[in-house]
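Working notes, beginning with the structure itself.
Residue numbers (our numbering): 173 to 311.
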């Protein structure tokens with residue numbers, strides 16, 4: 173599971189997600205990518221499930237890049253707990269995602285294999301996505 177080795181603070185505020193992604197919105201490594209179309213919090217488990225789906229369909233050929241990292245801790249209060257008494261305990265880590273962000277990139281496989289692999293990965297994610305291809309890609 174992806175998570176930071178060390179954080180400066182145990183708990184963080186929620187913050188507001190608005191606007192398009194300012195960084196991480198261009199293909200940087202591979203020829204194929206999976207781009208988000210909505211805001212969401214991606215958990216480490218969701219990222220790992222999508223990564224496994226891609227690598228299984230590609231038969232471990234080619235290369236995969238994960239362009240997001242869950243570095244934001246989120247908290248949860250126990251069930252049957254009354255309001256108040258402070259913030260809950262850290263439950264896991266998430267990555268805040270805004271529209272336009274590239275989640276995964278792939279290289280070294282055919283267009284059809286990459287497209288199907290990214291479609292399988294998209295089913296594991298709680299956000300609408302779009303398959304993109306590098307502008308200068310030739311088969």
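Ideal placement from N, C-alpha and C gives every residue a C-beta, glycine not left out.
Quick caveat: nothing in here was measured; it's all calculated off a predicted structure.
Whether residue i touches residue j by CB criterion (7 angstroms)
| i | j | result |
| --- | --- | --- |
| residue 304 | residue 196 | no |
| residue 292 | residue 225 | yes |
| residue 242 | residue 267 | yes |
| residue 230 | residue 289 | yes |
| residue 301 | residue 215 | no |
| residue 265 | residue 175 | yes |
| residue 263 | residue 248 | yes |
| residue 192 | residue 271 | yes |
Among the options, nearest to residue i - alpha-carbon criterion
| i | options | result |
| --- | --- | --- |
| residue 222 | 308, 311 and 278 | 278 |
| residue 235 | 280, 287 and 188 | 280 |
| residue 183 | 269, 296, 286 and 260 | 260 |
| residue 227 | 286, 306, 240 and 258 | 286 |
| residue 210 | 269, 237 and 194 | 269 |
| residue 240 | 257, 308, 251 and 218 | 218 |
| residue 212 | 187, 198 and 199 | 187 |
Exposure label - residue i; buried when at least 16 CB within 10 Å
| i | result |
| --- | --- |
| residue 204 | buried |
| residue 201 | exposed |
| residue 254 | exposed |
| residue 232 | exposed |
| residue 251 | exposed |
Any non-hydrogen atom of the ligand COA closer than 6 angstroms to residue i Cβ
| i | result |
| --- | --- |
| residue 251 | Here there are no bound small molecules, and the ligand COA is not part of this structure. |
- Message: My parser needs the alpha helix (DSSP H) runs of 4 or more residues fully inside the region 194-274; what are they?
- Response: 216-229
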